[in-house]
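These notes are about the structure you will find just below.
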Amino acid sequence: MAAEPQDLVDGTSDVHRARPHGGSRANVVDMNTPRTHYVTTTDGVAIGGTVHGRGRPIVFLHGGFGDGDLDWDRLLGHLTGRFTCHLPSMRGRGLSGDHPDLSPGRQVEDILAYVDSIGGRTGLVGWSAGANLALAAAARSAAVDAVALVEFPMRGLMDEQEQADIGDAIARMGELAAEGDVTAAVRAFAGGPFNDDEIAVAEDAGYFEAAGHYVPHVLNQLQQVMAYAGPTPADPAVLGAISAPVLALHGSETMPFYHASAQHVADHVASARVREIRGAGHAAPLTHPEALATALTEFFAPAQQSS
């Protein structure tokens, strides 16, 4: 059973709250109309996101390739009748400003700033790389009262073949980026975690082309992630600090280490449980948005009713 969230140390005390930008003017703006929300971090970066719908707030953190709108827009039609969906982009993506510091620790601070600026309790959803950030933020924020992870990646649980596949995909992305073919570079990177069906869906949707201009940023960020020596969301001490309920989602057709990563979370967070999205691989937000939205609604709606 899900445990009741307890107060944690709030890591947002040294950040500026957001100034009103569209979403903050609920009394004069139709809450069914898309709007924007911004917060400025302590190092001067504006973190921006589009906001859709009305109801319990949920912050959606995108994966490693895209931005908030690109990764989550397929879910909106299934969620905005019940939830206020915040789609922030990490620094250097979407509506957000850029900065040389793309380290995991700095990006967690960005998320804490954004969550704190909303005011009150909120849910968090993270896909892939965004799931790492969601867990790290939940361990530090009393405002996060429920967390859903979509394909949480724990690199330490990869077998040799999975490590080789992901490594080859990253190397090929770098080669194609150096040749100036950024769309092919994203496609090559996706060839690590995505299966063939997901590649086809993403191709048809124009996802790789839309994400192509982020390739230099992605390569820079990967270098900083590999060099990062701080605590990670996979650490038992980090997971043990999370008191909010956690739902760890993985696709039935994904790489095995994503299954293992979800179970690792369930083994170390008292209020966590695992759920499988049948027929999905790594890219459920793109290929199975309705099934994913159903799982999220069932998870977040009880918290909405009890708030």
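When you line the sequence shown up against this note's numbering, it's residues 452 to 758, in that order. Beta carbons are placed, not taken as given, at the ideal position from N, Cα and C, and that holds for glycine. Since the model is a prediction, treat every value here as computed from it, not as a measurement.
When Cβ pairs closer than 8 Å are counted between the two stretches, the segment 624-638 is seen not to touch the segment 596-606, the count staying below three. Between the C-alpha atoms of Glu613 and Phe708 there is a straight-line separation of about 8 Å. Linking Gly514 to Asn671 through their CA atoms gives a straight-line distance of about 15 Å. Sorting Gly543, Ala746, Asn583 and Gln674 by C-alpha distance to the C-alpha of Leu698 places Ala746 at the top. Following the DSSP letters along the chain, one finds Arg507 inside the beta strand (DSSP E) bounded by residues Arg507 to Leu512.
Counting of Cβ neighbours within 10 angstroms places Pro551 among the exposed residues, the total staying below 16.
Residue pairing by DSSP places Tyr489 opposite Gly499 in a beta bridge. Asp596 sits in a strand when the DSSP states are folded into three classes.
For Ala680, there is no enclosing alpha helix (DSSP H), as DSSP gives it neither H nor E. According to DSSP, Pro539 shares a beta bridge with Gly500.
Sequence-distant Cβ neighbours of Ala695 in its own chain, meaning closer than 6 Å and more than five residues away, are Pro456, Ala589, Val595, Asp596, Ala597 and Val598.
Annotated as proximal: Ile728 and Ala735, with beta-carbon spacing under 7 Å. Taken in chain order, the complete alpha helix (DSSP H) segments of 4 or more residues contained in the segment 671-734 are 687-691 and 707-719. Ala653 is not a Cβ neighbour of Leu546, given a cutoff of 7 Å. Each residue's CA atom was taken as its position, placing Leu526 and Pro740 some 5 Å apart. Annotated three-state conformation of Leu575 is strand, per DSSP. Going by beta carbons, Pro684 and Ala587 fall inside the 7 Å limit. Inter-residue distance for Asp655 and Gly548 is about 29 Å (C-alpha atoms, whole angstroms).
The beta carbon of Ser540 is closer than 8 Å to those of Ile498, Gly499, Gly500, His513, Asp518, Gly519, Asp520, Leu546 and Ser547 in its chain, skipping five residues each way along the sequence. Within the segment 596-636, the runs of alpha helix (DSSP H) that reach at least 4 residues and sit entirely inside it are, in chain order, 611-629. Residue environment: Gly574 is assigned as buried (16 or more neighbouring CB atoms within 10 Å of its CB, all protein chains considered). Excluding residues up to 5 positions away in sequence, Pro508 lie with their Cβ nearer than 6 Å to the Cβ of Ile569 in the same chain.
Between the alpha carbons of Asp632 and His664 lies a gap of roughly 10 Å. Straight across, the Cα-Cα distance linking Gly543 with Pro485 is about 21 Å.
Contact check for His710 against Glu602 fails: the beta carbons are separated by 7 Å or more. When the Cα atoms are used, Thr531 and Arg572 turn out to be separated by approximately 18 Å.
Contact between Gly730 and Ser703 holds, with the beta-carbon distance rounding to 6 Å and staying under 8 Å. By the C-beta density criterion, Ala744 is buried, having at least 16 other C-beta atoms within 10 angstroms. As DSSP reads the structure, Phe534 sits in a beta bridge with Arg507.
Shortest Cα-Cα distance from Met609 to any of Ala688, Pro644 and Ala585 involves Pro644.
If you check the CB distance, Phe534 and Gly577 do not come in under 7 Å.
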